[in-house]
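Novice: Here it is, the structure in full.
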Amino acid sequence: MRSEPGSPPRDRQADECPLAVVTGASAGIGRELARQLATERGHRVAAVARRAERLNQLAKECPEGMIIPIVGDLADASFREAMWNRVAAIQGGVSVLINNAGLGFYSEFERQDPAEIDRIWQVNVVALFDLTQRAMAHMKVRKAGQIIQISSVLGFIGVPYSAVYTASKHTVNGLVKCLRYELRGTGVKVWAACPARTQSEFHEVAARGQRHAPRGEPTDRIARAILRGLDRRRPPAFLLPSWSAWAVVQAAHWLPGPFEWVMSRIAQPKFGREYLGRS
């Protein structure tokens with residue numbers, strides 16, 4: 001008999017399936033990436049996030065043993081070390097690392113709290129760099145593996161009131177460009193997925209609890225488009241997982257003047273009203 005889609009084949013246990021590590025797995029794209037890897041792609045997933053109850057719920061929704069909840073704060077260097085040592089010691093090693101964890105807060109840069117800036121940078125950049133270094137060393141020994149950075153279209157463009165988050169995504173995209181050369185010939189692939197806005201709680205958090213009507217692409221559709229990149233023999237450096245993401249990046253590149261006009265005349269006042277409470 002054939003097994004259900006995404007469940008471990010009947011002739012092997014969950015601990016014999018390839019292992020993926022997904023950070024920021026309690027919500028949004030990260031949760032959906034972890035769920036699809038476990039239920040549709042036969043990967044065991046080390047799901048990393050701060051909220052234990054959400055990770056436990058995710059585990060209940062997936063085949064038994066396919067989700068390994070790991071609870072902790074990626075801004076804590078000691079947690080990152082302990083977490084990586086744990087997953088690297090699992091039989092078969094880590095096949096896929098998806099650095100998805102990230103946060104941002106809407107603010108005028110001049111007035112943004114330095115502690116808030118540091119928090120964003122620690123999670124979006126420092127933690128990502130650390131785990132990427134660890135994964136590179138681990139995967140090069142095995143001569144196989146994929147490192148996927150969940151970046152953003154904001155890694156290519158700028159928008160008002162999101163300077164620190166945007167700078168962090170530009171940094172991630174720059175890292176990917178460099179590592180593509182450094183990892184050539186090692187069997188390890190590195191690339192970034194750069195979605196546009198998705199339907200998740202990210203924007204509510206970024207707006208410090210202000211609720212807005214859901215906008216953007218469904219997370220399940222974006223996650224599925226990202227995971228298709230795993231099947232490519234040579235994934236692109238930057239995968240744009242929706243038409244809207246592609247359109248934004250192309251417009252900013254080929255029509256920089258009109259794009260800046262739209263951002264300053266239309267988007268900036270709109271964002272100011274929605275996220276900063278301006279009249």
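In terms of UniProt numbering, the sequence shown is residues 1 to 279.
In this text, a Cβ means the ideal position worked out from N, Cα and C, and glycines have one as well.
1) Using 10 angstroms around the beta-carbon of Ile266, count the other beta-carbons present and answer buried if the total reaches 16, otherwise exposed.
2) Look at Val96 and Val87 and say whether their C-beta atoms are less than 7 Å apart.
3) Could you have a look at Lys143 and say whether DSSP puts it in helix, strand or coil?
4) Kindly indicate which three-state DSSP category Leu97 falls into: helix, strand or coil?
5) With a threshold of 16 other CB atoms inside 10 Å of the CB of Phe105, please say whether the residue is buried or exposed.
6) What residues match up with Gln149 in a beta bridge as DSSP calls it?
7) For Val71, which residues does DSSP report across the bridge?
8) Taking one C-beta from the stretch 187 to 194 and one from the stretch 136 to 145 each time, how about it: are there three or more such pairs within less than 8 Å?
9) Assuming Ala20 and Met66 form a contact by the criterion Cβ under 8 Å, report the distance between their Cβ atoms to the nearest whole angstrom.
10) Could you tell me the distance, in whole angstroms, from the CA atom of Ala144 to the CA atom of Phe79?
11) Starting from Val22, trace the beta strand (DSSP E) in both directions and tell me its first and last residue.
12) So for Arg233, helix, strand or coil by DSSP?
13) Using a Cβ-Cβ cutoff of less than 8 Å, which residues in the same chain neighbour Lys198 once the five nearest sequence positions on both sides are dropped?
14) Can we say the stretch 55 to 65 touches the stretch 33 to 45, given the rule of at least three CB pairs closer than 8 Å?
15) On the three-state DSSP scale, how would you describe Leu276?
16) Can you tell me whether Lys270 is buried or exposed? The criterion is at least 16 other CB atoms within 10 Å of its CB, across all chains shown.
17) So Ser168 packs on Trp121, CB below 8 Å; how close in whole Å?
18) By Cβ distance, which residues of its chain are closer than 8 Å to Asp11, with the 5 residues on each side in sequence left out?
19) Of the choices Leu103, Asn85, Ile70 and Leu37, whose alpha-carbon is the least far from that of Thr166?
Specialist: The structure says:
1) Taking every protein chain shown into account, the CB of Ile266 has fewer than 16 other CB atoms within 10 angstroms, so this residue is exposed.
2) no
3) Reduced to three states, the DSSP call for Lys143 is coil.
4) strand
5) buried
6) For Gln149, which the question treats as bridged, DSSP gives the partners Asn99 and Ala192.
7) Ala49
8) yes
9) That belief does not hold up - the Cβ atoms of Ala20 and Met66 are roughly 10 Å apart, past 8 Å.
10) 25 Å
11) Note, Val22: beta strand (DSSP E), Leu19 to Thr23.
12) coil
13) Contrary to the premise, residue 198 reads as Thr rather than Lys in this sequence. For Thr198, where only same-chain residues beyond five positions count, the Cβ hits under 8 Å are Gly28, Ile29, Gly216, Glu217, Pro218, Thr219 and Ile222.
14) yes
15) helix
16) exposed
17) Contact holds; Cβ gap of about 6 Å.
18) In this predicted model, Asp11 has a pLDDT of only 46, less than 50, meaning its place in the structure is not dependable; the value taken from the coordinates is given anyway. Once the five neighbours on either side are set aside, Asp11 has no close Cβ partner at all.
19) Leu103
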